[in-house]
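275 is the number that the working numbering gives the last residue of the sequence shown; the numbers go up by one with no jumps. Input: a single structure, listed below in structure tokens.
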Amino acid sequence: MIEVKNLYKSFDEREVLKDISIVFEAGKTNLIIGRSGSGKTVLLKNLVGLMRPTSGQILYDGRDLTKMRATEVKELRQEVGMIFQGSALFDSMTVFENVNFPLMMFSKMSKTEQTKRTQFCLERVNLGDSGHLYPSEISGGMMKRSAIARAISLNPKYLFCDEPNSGLDPQTSLVIDELISDITKEYNITTVINTHDMNSVMGIGERISFIKEGVLGWQGTNKDVMSSTNEDFNDFVFASDLFKKVKAVEESEN
Ligand SMILES: Nc1ncnc2c1ncn2[C@@H]1O[C@H](COP(=O)(O)OP(=O)(O)OP(=O)(O)O)[C@@H](O)[C@H]1O
Ligand SMILES: [Mg+2]
């Protein structure tokens with residue numbers, strides 16, 4: 022579980038995150054949604070320690086990231102898996118080498134153990150036979166799956182995904198969403214996902230936090246979405262073409 026308490030982040034005079042308090046639960050897909058520029062990536066970067074909040078607390082199962090020394094942050098990082106906007110694989114390495122990389126860098130495993138773990142992770146994302154390929158030789162969906170395999174290689178307790186579906190077709194997005202959701206349950210990971218994909222919201226939105234201009238505007242589950250009375254949230258949700266069309270069809274039938 023990660024608890025964010027009264028988090029603020031400013032750049033110079035500009036407040037980008039304002040008094041954000043959210044609890045991200047273990048074993049759940051916790052979604053952060055909001056328009057482009059609302060502050061999702063900045064929030065995620067603060068959560069993983071790539072940016073320092075202006076004020077507030079970030080408690081990793083009680084351990085406050087904002088009070089940790091560099092060495093403690095480094096230790097915590099080994100419990101964290103990340104998938105950033107774009108899959109960010111190393112182009113000069115094969116898929117296998119990409120997934121093996123964190124093990125080589127951060128684990129004390131022997132070469133044989135590393136190979137076993139890497140192959141296990143590749144198989145988990147259905148890329149057991151693709152380890153020898155380079156990123157340039159695989160599809161966008163395969164790249165995302167490689168990035169997931171790499172993110173879970175160190176058996177993380179916490180997993181962060183920034184727009185895991187960007188650039189993917191709806192069907193492939195669904196596969197990625199299901200994979201992230203399954204892994205979250207299987208290993209009881211505290212997973213935080215940034216998205217503006219309404220399919221993901223409805224599909225895997227167990228805990229949804231909606232951010233508007235740096236402020237937490239609405240929280241709920243995918244079951245609460247259709248009955249929301251929050252105007253800002255509804256504007257965001259129904260701005261999606263799909264929902265507009267569904268609404269229009271429903272209205273024409275009445
Ligand atoms: N390093 C930085 N310095 C100054 N301003 C920044 C910095 N990083 C982000 N911002 C600003 O913070 C705001 C929120 O940006 P952020 O990237 O978090 O948006 P987002 O919700 O992730 O958008 P998108 O959906 O397009 O990815 C933007 O106005 C952005 O310009
Ligand atoms: Mg972003």
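Every residue gets a Cβ at the ideal spot worked out from N, C-alpha and C, and that includes glycine. These numbers come from a predicted model, not from an experiment.
**Message:** Among the candidates Pro156, Phe254, Ile23, whose CA atom is the shortest distance from the CA of Ala47?
**Reply:** Looking up residue 47 in the sequence shown gives position 26. Nearest of Pro156, Phe254, Ile23 to Ala47, Cα basis: Ile23.
**Request:** Please classify Leu237: is it buried, with 16 or more other beta-carbons within 10 angstroms of its beta-carbon, or exposed?
**Result:** Along the sequence shown, read from residue 1 onward, the residue named residue 237 stands at position 216. With 16 or more Cβ atoms within 10 Å of its Cβ, Leu237 is classed as buried.
**For Asp256, the first and last residue of its enclosing alpha helix (DSSP H)** = The residue you call residue 256 lines up with position 235 of the sequence shown. Run containing Asp256: 252–259, per the alpha helix (DSSP H) assignment.
**Item:** Under 6 Å, CB to nearest heavy atom of ligand 1: contacting residues
**Value:** Matched residues: Phe32, Val37, Gly55, Ser57, Gly58, Ser59, Gly60, Lys61, Thr62, Val63, His217.
**Message:** Less than 8 Å separating the Cβ of Asn67 from some heavy atom of ligand 2?
**Reply:** As a position in the sequence shown, residue 67 is number 46, starting the count at 1. Not so, every heavy atom of ligand 2 lies at least 8 Å from the Cβ.
**Message:** Beta-carbon within less than 7 Å of Leu148's beta-carbon, same chain only, minus the 5 sequence neighbours each way: which residues are those?
**Reply:** Taking the sequence shown and counting its residues from 1, the one referred to as residue 148 is at position 127. Hits under 7 Å: Val116, Met163, Arg166, Ser167, Ala170.
**Prompt:** Hey, quick one: how far does the beta strand (DSSP E) through Glu234 stretch, first residue to last?
**Reply:** As a working mapping, residue 234 is identified with position 213 in the sequence shown. Premise fails: Glu234 is in no beta strand (DSSP E) and is neither H nor E.
**Asked** Beta carbon of Leu64, beta carbon of Arg84: below 9 Å?
**Response** In the sequence shown, counting from the first residue as 1, residue 64 sits at position 43. In the sequence shown, counting from the first residue as 1, residue 84 sits at position 63. No.
**Asked** For the region 127–188, which segments carrying the beta strand (DSSP E) assignment without a break, of at least 3 residues, lie completely within its bounds, in sequence order?
**Response** List check, beta strand (DSSP E) in window: 179–183.
**Item:** Check: Gln240 C-beta below 8 Å from any heavy atom of ligand 2
**Value:** Looking up residue 240 in the sequence shown gives position 219. Gln240 Cβ: outside cutoff for every heavy atom of ligand 2.
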